[in-house]
Amino acid sequence: MSPNSPQVPQNPNGDPRIRTDVAHNARVWNHWLGGKDNYPVDRAVGDHVTGLYPSIGEVARADRAFLGRAVTFLTAEAGIRQFLDIGTGLPTANNTHEVAQGIAPDSRIVYVDNDPIVLTHARALLTSSPEGRTEYLDADAHDPRSIVGSLRPTLDPDRPIAVIMLGILNFVLDTDVARDVVRTLMDAVPPGSYLVLTHPTLELGGEGNAEAMAFWNENATPPIRARTGAEIRSFFDGLELLDPGLVSCSRWRPRPAADGSLPPVVAQYGAVGRKP
Numbered sequence: 001m002s003p004n005s006p007q008v009p010q011n012p013n014g015d016p017r018i019r020t021d022v023a024h025n026a027r028v029w030n031h032w033l034g035g036k037d038n039y040p041v042d043r044a045v046g047d048h049v050t051g052l053y054p055s056i057g058e059v060a061r062a063d064r065a066f067l068g069r070a071v072t073f074l075t076a077e078a079g080i081r082q083f084l085d086i087g088t089g090l091p092t093a094n095n096t097h098e099v100a101q102g103i104a105p106d107s108r109i110v111y112v113d114n115d116p117i118v119l120t121h122a123r124a125l126l127t128s129s130p131e132g133r134t135e136y137l138d139a140d141a142h143d144p145r146s147i148v149g150s151l152r153p154t155l156d157p158d159r160p161i162a163v164i165m166l167g168i169l170n171f172v173l174d175t176d177v178a179r180d181v182v183r184t185l186m187d188a189v190p191p192g193s194y195l196v197l198t199h200p201t202l203e204l205g206g207e208g209n210a211e212a213m214a215f216w217n218e219n220a221t222p223p224i225r226a227r228t229g230a231e232i233r234s235f236f237d238g239l240e241l242l243d244p245g246l247v248s249c250s251r252w253r254p255r256p257a258a259d260g261s262l263p264p265v266v267a268q269y270g271a272v273g274r275k276p
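According to the working numbering, the sequence shown is numbered sequentially starting from 1.
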């Protein structure tokens, strides 16, 4: 096999939760980001979605870049040293702990996901600096009480925590339930904590994504939905939205190009809110 050939992830202990015949979001996202931890079915579905919605790769890359900027701000400017990253996905470059600990080596991170392949890769690759700590929690975003009950000893719930939810609430199909998930998480962290969130939308030029999402829901797992800006903004009720507010994630505090231009808008909202 050549160095550039796709690497098929191993099925740890023959885990029955791993379906190699059905595309899975974490692995398809990995494919869109240029990774090799995916199966042929993931690449086939991912490529078909790209055919229906060609900018999906730009969305994936913009989402990842937003993560880096948000974590850099929180660590370097807001003084946050604790991060709860829910919906980790397969590790790529510039993961939360790498960005945070690159600035403040004593940062502590808990990653949360419930996909067994993600679990295996995370435990192998998401290692901590000697001064900090990185842990992985096998839990479901639909069960936030289980998550907040498992923060200790890695995170101290009495000190500010940045709760990171990038592209995860779109898998919580009922909006009221999604709001309850966010509320439960943010109620469990003290004032001075932050919510970092991205979410797909059919606004911002994303109308063409409707057909791609319908195809996804028929051929992959877990099912997904888009939301309006108003619906996504409601996840920040009770929080102070940082400038520039709820915007395309590519336009959240981007670094302008040499000619002064900004990145193109993508159909993925992003925002950071602070708990007063």
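Note that beta-carbon positions come from the ideal geometry of N, C-alpha and C, so glycine has one too.
Bear in mind the structure is a predicted one, so any value in this text is a computation, not a measurement.
Cβ contact check for the segment 89-98 and the segment 24-38: 3 or more pairs under 8 angstroms: yes
Exposed unless 16 or more other CB atoms sit within 10 angstroms - verdict on residue 262: The residue you call residue 262 lines up with position 262 of the sequence shown. Classification of residue 262: exposed, given that the 10 Å Cβ count is below 16.
Own chain residues within Cβ distance below 8 angstroms of residue 41, not counting five before or after: Residue 41 sits at position 41 when you count from the first residue of the sequence shown. Correct list, in chain order: 20, 21, 22, 23.
Residues near residue 96 in its chain [Cβ-Cβ closer than 6 angstroms; skip 5 each side]: As a first step, residue 96 must be located in the sequence shown, where it is residue number 96. Closer than 6 angstroms at Cβ, skipping near neighbours: 71, 83, 85, 109.
Status (buried if at least 16 other CB within 10 Å, exposed otherwise) for residue 131: The count along the sequence shown starts at 1 and reaches residue 131 at position 131. By the 10 Å Cβ count, residue 131 comes out exposed.
Unbroken beta strand (DSSP E) run spanning residue 133, endpoints: Numbered from 1 along the sequence shown, position 133 holds the residue referred to as residue 133. Where residue 133 is concerned, the enclosing beta strand (DSSP E) stretches over 133-138.
Residue range of the unbroken alpha helix (DSSP H) whose run includes residue 162: By one-based count along the sequence shown, residue 162 stands at place 162. First-last for residue 162: 162-166, but that is the beta strand (DSSP E), not the alpha helix (DSSP H).
Cut-off 7 angstroms between Cβ atoms - residues of its own chain near residue 188, not counting five sequence neighbours on either side: Sequence index remark: in the sequence shown, residue 188 carries index 188 (1-based). The answer, listed in chain order, is 148, 157.
CA nearest to the CA of residue 206, picked from 27, 47, 191, 56: On the sequence shown, position 206 is the one that residue 206 refers to. Out of 27, 47, 191, 56, 56 has the C-alpha closest to the C-alpha of residue 206.
Inter-residue Cα distance where the pair is residue 169 and residue 128: In the sequence shown, residue 169 corresponds to position 169, counting from 1. In the sequence shown, residue 128 corresponds to position 128, counting from 1. Using only the alpha carbons, I get a separation of about 27 angstroms.
Own chain, CB closer than 6 angstroms to residue 242, minus 5 neighbours either side, in chain order: Along the sequence shown, read from residue 1 onward, the residue named residue 242 stands at position 242. Here the set comprises 272.
Residue burial classification, residue 144 (beta-carbon count within 10 angstroms, cutoff 16): Along the sequence shown, one-based indexing puts residue 144 at 144. Buried, by the Cβ-count rule.
Where residue 147 sits in the DSSP three-state scheme: The count along the sequence shown starts at 1 and reaches residue 147 at position 147. It is helical.
Beta-carbon gap between residue 68 and residue 118 smaller than 7 angstroms: For this step, residue 68 is matched to residue 68 along the sequence shown. For this step, residue 118 is matched to residue 118 along the sequence shown. Not in contact: residue 68 and residue 118 (Cβ atoms no closer than 7 angstroms).
C-beta contact flag for residue 194 and residue 162 at 7 angstroms: Position 194 of the sequence shown, counted from the start, is the residue given in the question as residue 194. Position 162 of the sequence shown, counted from the start, is the residue given in the question as residue 162. Contact: yes.
Opposing strand residues paired with residue 86 [DSSP bridges]: Your numbering for residue 86 matches position 86 in the sequence shown. Its beta-bridge partners are 112.
3-residue-minimum beta strand (DSSP E) runs that sit fully inside the segment 185-231, ordered along the chain: 194-200
Coil, strand or helix - residue 266 by DSSP: One-based indexing of the sequence shown puts residue 266 at position 266. Correct three-state label for residue 266: coil.
Residue 174 - DSSP class collapsed to helix/strand/coil: Numbered from its first residue, the sequence shown carries residue 174 at position 174. Three-state result, residue 174: coil.
Same chain, Cβ closer than 8 angstroms to residue 44, neighbours up to 5 away in sequence not counted: Reading the sequence shown from its first residue, position 44 is the one you call residue 44. Cβ neighbours of residue 44 beyond the five flanking positions: 23.
Span of the alpha helix (DSSP H), counted from its first residue to its last, around residue 25: Your numbering for residue 25 matches position 25 in the sequence shown. Note, residue 25: alpha helix (DSSP H), 25-32.
Assigned secondary structure, residue 98 (DSSP; H/G/I helix, E/B strand, else coil): Numbered from its first residue, the sequence shown carries residue 98 at position 98. Reduced to three states, the DSSP call for residue 98 is helix.
Other residues of its chain near residue 185: CB distance less than 6 angstroms, five sequence neighbours each side excluded: Sequence index remark: in the sequence shown, residue 185 carries index 185 (1-based). If we look at residue 185 and ignore the five residues flanking it on each side, its Cβ neighbours are 144, 163.
Nearest-angstrom beta carbon gap, residue 178 and residue 235 [assumed within contact, 8 angstroms]: Counted from its first residue, the sequence shown places residue 235 at position 235. Counted from its first residue, the sequence shown places residue 178 at position 178. That pair is a contact at about 7 angstroms.
Proximity below 7 angstroms, CB of residue 200 to CB of residue 268: The residue you call residue 200 lines up with position 200 of the sequence shown. The residue you call residue 268 lines up with position 268 of the sequence shown. For residue 200 and residue 268, yes; Cβs fall inside 7 angstroms.
Residue 22 - DSSP class collapsed to helix/strand/coil: Taking the sequence shown and counting its residues from 1, one reaches residue 22 at position 22. Three-state result, residue 22: coil.
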